[in-house]
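Quick note on numbering: this note's numbering labels position 501 of the sequence shown as 486, and the sequence is numbered without any gaps. C-beta: ideal position from N, C-alpha, C; glycine also. These numbers were taken from a predicted model, which means no experiment stands behind them. This report concerns only the one structure given below.
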Amino acid sequence: MALIVSMVSLAIIAAACSSSEPTPAAAPAPAAPAPAAPAPAAPAPAAPAAEVGAGQTLNVLITNLGNGRFDTWLSDGEDLKFLRILDAPLVGGEGGSSLIPGTIKAWDMTSDGLNWTFTVQDDFVTFQNGDKLTVDDVQWSVDKMLGNEARRLESTGYYEPRNIGDAAQFDSVDLGPGADQFTVKGQRPRPDLPFWLSENAQGPQGLVQPKAYTLSQVKSGDAGFEGYERAPIGAGPMSITDWVPEQKYSFERFTDYWWHPGNGFAEDRRIKFEFLNMEVVPEDATRVAALQAGSANLIEANVLMTDGIKGAGAEIVWQDQSAYNWILMVDCWEPDMWCYDAGVRRAVEMAVNKRQIVEELYGRGATVKGWSYVTPDSMGYSSALDPLPYDLEGAKALLAKSGIVDGKMANGEQVSFKINTWDAGDTPLLPELSQLMADAWNNDLGFDVEVVVGDASAVRQKWNNRQFPADVLVRTNEARFDGTSITSGGYNNKDIAWRSVRDPDEEPWLTNTTIPVRKALNDLSSTRNASFVELYKLLKEDAQQWSAFYTNLPWGVGKDIKPGTYKPWTLVPYVTAIWTAVPAN
């Protein structure tokens, strides 16, 4: 097997390290798809995979899931927690910016950045029903997200219109030119596409789904792949044996899992426990108690749980830059809205003493740095992106400049809106954070702000359905190295439900954000990182979105896992690198 990647890709991603400003000392390696040379083979494991951890069970307790779907395009980001156990990645990753071959072994971009050709892995990749992975499986997995298959599924009613928002910027996903290749043809440059299709990405789009098997499960009357939801298989390290949707998922080791040195990979990614149970347990104290009792080996935690984990005699392992606090000024698109002016949007951030709030609520697990989805190790970060300092008088001056004085607009109308939020597992206390923000705006600016706490899925659905005009959304979101996709979706695609602008080709957005966004997105050269440094400064000034902090996620590691072995990835959310956890005995 040849683990290769095109030099064109290397040249593009190497640009991520070039910047007009100093980059943080701890910044990751450039976001390269993979080394051009074959990965060196590591020594074989001391025992066959079937013998390591034989009979042992890894019990993982998590805070929440998304919608619990197995279809990789209809599931939510949180569903990666169990999907990464069942499924295999299209493009592999190692955390941060590092990409390596997965079920796709090579990728090559045209000089204009519009088209990508992907080469599928050799014939050692096997699905859990014994079928060999083919180029058809991989091409179809991408086609149902970005190509004509996505458009077909929308026409049957299986997809909603919002599910094909990304497909609007692509023409097709076609087999060829080689027998083991497929080509993605785009309408706009997407130098980040391998990253978006990788296990470093923030959603399940980077996973392969078996085409022939999925289609074989379609029954009469199905609009799409309902049958696959009832009997899912993947090409990942474990097969699913039982599940209660959105609650509990049980797995057994897939003995033919292919990611190991025998197939030329540098790392053995076979899971070192024979069985794995993953269960949603929202209550923090219950997860800690299970860890202490030994009924759980690994628990998803948060910054408020570290003392409890230490008290339970367990190890704490940090997953750095896992998520960020995302504050969105939603659909401020009409001139008569209180938040239409960028100066007003900046003012409301300046009126919140973010550092004091974060120190009181979160401590070590939250850091007041970065802007929105750009954290210190992200491409395009500079210190200029850090949250605006608390400046109440400056905030009032900006508001007055826009005609807002003592909470009243120039026409005498009271500034009134809601903060919509939810309880999140990785970033606790979002309702409390929202209330402190509301208190600052009500007491110091004279606004009339109400906090509304809802279910995460319901709040997201309402947001995507444009039901929060001129409101504020306070939520958590996944951190990332490369923000190309979320920048494009937010500022350059009118078909994306969660976009920040109404139409990128309309004024004032065309001048204010679209032209600079397209300039950065079209930069395929060694100055790409520098272009995003400047773009992000501009988007921060526009203030459609901001953040108070990013979070580091602690994991509680029990006594049945050898200390120091579990090593979750940086800048990648949810359950990662589970194969690194070694049984204590």
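Burial is judged here by how many other beta carbons sit within 10 angstroms of a residue's own beta carbon; residue 331 has at least 16 and is buried. Spatial neighbours of residue 53 in its own chain (CB-CB distance under 6 Å, excluding positions within 5 residues in sequence) are listed in chain order as 230, 231.
Counting only residues of its own chain and dropping the five nearest sequence neighbours on each side, residue 554 has a CB closer than 8 Å to the CB of 78, 79, 80, 81, 185, 304, 561, 562. When the alpha-carbon of residue 278 is set against those of 181, 289, 297, 285, the nearest one is in 297. In the structure shown, residue 254 falls within a coil segment according to DSSP collapsed to helix, strand and coil. Exposure of residue 301 is indicated by the presence of fewer than 16 other C-beta atoms within 10 angstroms of its C-beta. Minimum Cα-Cα distance from residue 509 among the listed residues 100, 66, 233 corresponds to 100. About 6 Å separates the CB atoms of residue 198 and residue 114; that is less than 8 Å, so the two are in contact. Excluding its 5 nearest sequence neighbours in each direction, residue 269 has C-beta neighbours in its own chain below 6 Å: 290, listed in chain order. In this structure, DSSP gives residue 130 a helical state, which the three-state scheme calls helix. Short of 6 Å from the beta carbon of residue 335, and not among the five residues preceding or following it, lie these beta carbons of its own chain, in chain order: 373, 376, 379, 380. The beta-bridge partner set that DSSP reports for residue 312 consists of 459, 531. Under DSSP, residue 100 shares a beta bridge with 170. By the Cβ criterion, the region 531 to 548 is in contact with the region 346 to 361, since at least three pairs of Cβ atoms, one from each stretch, lie closer than 8 Å. Between residue 310 and residue 63, the alpha-carbon positions lie close to 16 Å from each other. Counting only runs of 3+ residues, the beta strand (DSSP E) found wholly inside the region 260 to 313 occupies 260 to 265, 283 to 285, in chain order.
Taking the C-beta atoms as reference points, residue 457 is found nearer than 8 Å to residue 315. Non-local beta-carbon contacts of residue 429 in its own chain, meaning distances under 7 Å to residues more than five positions away in sequence, involve 336, 377 in chain order. In this structure, residue 455 sits away from residue 436, with a CB-CB distance that is not shorter than 8 Å.
Around residue 419, the same chain offers 404, 406, 436, 459 as residues with beta carbons nearer than 7 Å, after the five sequence neighbours per side are excluded. The alpha-carbon of residue 149 is positioned some 15 Å away from that of residue 61. Contact between residue 520 and residue 489 does not hold, since their C-beta atoms are separated by about 14 Å, which reaches or exceeds 8 Å. The residues 284, 297, 299, 541, 543, in chain order, have a CB closer than 6 Å to that of residue 276 in the same chain once the five nearest residues on each side in sequence are set aside.
The C-beta distance from residue 206 to residue 141 rounds to 11 Å, too long to fall under 8 Å, and the pair is not in contact.
Straight across, the Cα-Cα distance linking residue 395 with residue 326 is about 13 Å.
Unbroken alpha helix (DSSP H) stretches of 4 residues or longer found wholly inside the region 489 to 563: 500 to 506, 513 to 527, given in chain order.
In the three-state reduction of the DSSP assignment, residue 412 falls in the coil class. Contact between the region 165 to 182 and the region 101 to 109 is present, with at least three C-beta pairs closer than 8 Å. In the displayed model, residue 77 falls within a strand according to three-state DSSP.
Apart from sequence neighbours up to five positions away, the residues of its chain that approach residue 74 with a beta-carbon distance below 7 Å are 87, 88, 183, 184, 191, 192, ordered along the chain. By the 16-neighbour rule on beta-carbons within 10 angstroms, residue 390 is exposed. DSSP lists 261 as the bridge partner or partners of residue 43.
Assignment of residue 390 by DSSP, reduced to helix, strand and coil, places it in the strand class. DSSP places residue 199 in the helix class (H, G or I) of the three-state scheme. Going by C-alpha positions, residue 469 is about 11 Å away from residue 477.
A check of alpha carbon separations from residue 187 across 144, 58, 123 identifies 58 as the nearest.
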